[in-house]
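J.:
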Amino acid sequence: MAARRTRNGHPVRRARLHWGRMKQLTVVISGFDPYEGVSVNPSLVVPDALANEGVGVDPDNIEDPLHDVAIDVHAVHVPVSFRNGWAKLRDTLEDVQPNIVIATGLKRASRGILLERCAINLKDTTRPDAENVIPGRRVINEDGPAAYWTGLPLRAILNAFAKDNIPATLSSDAGTYVCNALFYQLQEWAAQRGDTMGGFVNLPPVNEQPHPQHGLSLRQQVQAGKDLVRSAARYYLQPTSKDILL
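Counting along the sequence shown from 1, when you hit position 11 you're at 326 in this note's numbering, and nothing is skipped either side.
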């Protein structure tokens, strides 16, 4: 189930950037359905936590561009499926009409947060997805470009993570499995719209042990999610080259 989603039959709010006494940004954060053998899936828990808790903007800090911005976060869970993962995310995006989309996945062997730089136009796996589909080696879109860069401000995000002592690194791409396919289709959708910023982030396993070799505590991962959204929102409002790192 998705958290705080617009449902069929309810009025759809066109969530462009509204100006007035309070500006408004709408963010969609996606995560994948439960993975086999993973008891706590951060790409499910973190998006839901942000939708329920918010991202902690301080309205009294007038030096922060977000001090007079209401950030509405919607979470959606999608299947680990080449066909239906993107279909479900796309339906949510068409309903919600967000300014920013952050898709998340799980990287089981990661120490910290992986910021994915680009999505490549390729499916290449012998591993079945959740629907037992094995696409083999093929392009995602025969008429599409070889790759799409992320729209997220990676330098600004890394700086925010450093202030909160959250381990993170840049990743060249999201591989050739479902994560990459979803990322590619998201960036293609965002490119066609022109007014929506998107990107993909892989989260590590949840590990509550002190100083783990792999994974981060759930508290750190939720904080990382808040840093992600705030950094992306600031860049959306005031884009500058110093925030970009590809």
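Using N, Cα and C, we set each Cβ at its ideal position, and we do this for glycine too. Every value quoted in this text rests on a predicted model; they were computed, and no experiment measured them.
Quick one: is Ala-424 buried, meaning 16 or more other Cβ sit within 10 Å of its Cβ, or exposed?
T.: In the sequence shown, the residue the question calls residue 424 occupies position 109. Burial call: exposed.
J.: Report the option in Arg-545, Ser-354, Pro-525, Cys-494 whose CA atom is closest to the CA atom of Asp-373.
T.: The residue given as residue 373 occupies position 58 in the sequence shown. The residue with the shortest Cα to Cα distance from Asp-373 is Arg-545.
J.: By DSSP, does Ile-417 sit in helix, in strand, or in coil?
T.: What you label residue 417 is simply residue 102 of the sequence shown in a count that begins at 1. In this structure, Ile-417 counts as strand in the three-state DSSP scheme.
J.: Starting from the Cα of Arg-442, find the closest Cα among Tyr-463, Arg-470, Leu-467, Val-493 and give me that residue.
T.: As a working note, residue 442 is residue 127 in the sequence shown. Among Tyr-463, Arg-470, Leu-467, Val-493, the Cα nearest to that of Arg-442 is on Val-493.
J.: Closest by CA to Val-393, which one among Gln-507, Ile-417, Gln-553?
T.: As a first step, residue 393 must be located in the sequence shown, where it is residue number 78. The option with the nearest alpha carbon to Val-393 is Ile-417.
J.: Looking only at C-alpha atoms, which of Asp-379, Ser-345, Gly-371, Val-353 sits nearest to Leu-552?
T.: Residue 552 sits at position 237 when you count from the first residue of the sequence shown. Nearest of Asp-379, Ser-345, Gly-371, Val-353 to Leu-552, Cα basis: Asp-379.
J.: Who are the Cβ neighbours of Ala-461 in its own chain at under 8 Å, not counting the five residues just before and after it?
T.: In the sequence shown, counting from the first residue as 1, residue 461 sits at position 146. So the list reads Ile-435, Asn-436, once near-sequence residues are dropped.
J.: Just the C-alpha distance for Asn-474 and Ala-366, rounded to the nearest angstrom, thanks.
T.: Position 159 of the sequence shown, counted from the first residue, corresponds to residue 474. Position 51 of the sequence shown, counted from the first residue, corresponds to residue 366. If you take the alpha carbons of Asn-474 and Ala-366, they lie about 23 Å apart.
J.: Roughly how many whole angstroms lie between the Cα atoms of Pro-357 and Leu-421?
T.: Here residue 357 refers to the residue found at position 42 of the sequence shown. Here residue 421 refers to the residue found at position 106 of the sequence shown. For Pro-357 and Leu-421, the distance between alpha carbons rounds to 7 Å.
J.: If you compare alpha carbons, which of Pro-527, Met-337, Arg-508, Val-343 is closest to Asp-383?
T.: Sequence index remark: in the sequence shown, residue 383 carries index 68 (1-based). Checked all of Pro-527, Met-337, Arg-508, Val-343; the closest Cα to Asp-383 is Met-337.
J.: Inspect the CB distances between the region 409–416 and the region 348–355 and report whether three or more fall short of 8 Å.
T.: They do not touch, by the three-pair rule.
J.: Tell me whether the region 509–525 and the region 445–459 touch, counting them as touching only if at least three CB pairs, one residue from each stretch, are closer than 8 Å.
T.: At 8 Å Cβ cutoff, the stretches do not touch.
J.: So, under 8 Å CB-CB, Tyr-550 and Asp-558 are touching, yes? Tell me the CB distance rounded to an integer number of Å.
T.: Residue mapping note: residue 550 aligns to position 235 of the sequence shown, counting from 1. Residue mapping note: residue 558 aligns to position 243 of the sequence shown, counting from 1. Yes, Tyr-550 and Asp-558 are in contact; Cβ-Cβ is about 5 Å, under 8 Å.
J.: Taking the beta carbon of Ser-354 as the centre, do at least 16 other beta carbons fall within 10 Å, making it buried, or is it exposed?
T.: The residue labelled residue 354 in the question sits at position 39 within the sequence shown. Classification for Ser-354: exposed.
J.: What residue does the alpha helix (DSSP H) around Ser-486 start on, and which one ends it?
T.: To locate residue 486, count along the sequence shown from 1; it is residue 171. Ser-486 -> not in any alpha helix (DSSP H); beta strand (DSSP E) instead, spanning 483–488.
J.: Compare the beta carbon distance of Asp-387 and Leu-340 with 9 Å and say whether it is the shorter of the two.
T.: Here residue 387 corresponds to residue number 72 of the sequence shown, with the count starting at 1. Here residue 340 corresponds to residue number 25 of the sequence shown, with the count starting at 1. Yes.
J.: Can you give the beta carbon distance from Val-448 to Arg-398, rounded, assuming they're within the 8 Å contact cut?
T.: Start at 1 with the first residue of the sequence shown, and residue 448 comes out as number 133. Start at 1 with the first residue of the sequence shown, and residue 398 comes out as number 83. About 7 Å; that satisfies the 8 Å criterion.
J.: Look up Val-361 in the DSSP assignment and say whether it is helix, strand or coil.
T.: Counting from 1 along the sequence shown, the entry for residue 361 is found at position 46. Reduced to three states, the DSSP call for Val-361 is helix.
J.: Buried or exposed: which applies to Thr-465, given that a residue is buried once 16 or more other Cβ atoms fall within 10 Å of its Cβ?
T.: Residue mapping note: residue 465 aligns to position 150 of the sequence shown, counting from 1. Under this definition Thr-465 is a buried residue.
J.: What's the gap between the Cα of Ala-506 and the Cα of Leu-404?
T.: The count along the sequence shown starts at 1 and reaches residue 506 at position 191. The count along the sequence shown starts at 1 and reaches residue 404 at position 89. Cα to Cα, Ala-506 sits roughly 16 Å from Leu-404.
J.: Going by C-alpha distance, which of Leu-501, Ala-445, Ala-471, Asp-510 is nearest Ser-556?
T.: Counting from one through the sequence shown, the residue named residue 556 turns up at place 241. Among Leu-501, Ala-445, Ala-471, Asp-510, the Cα nearest to that of Ser-556 belongs to Ala-471.
J.: Return yes when the Cβ of Leu-467 is within less than 9 Å of the Cβ of Ala-547, no when it is not.
T.: Taking the sequence shown and counting its residues from 1, one reaches residue 547 at position 232. Taking the sequence shown and counting its residues from 1, one reaches residue 467 at position 152. Yes, these two residues count as a Cβ contact at 9 Å.
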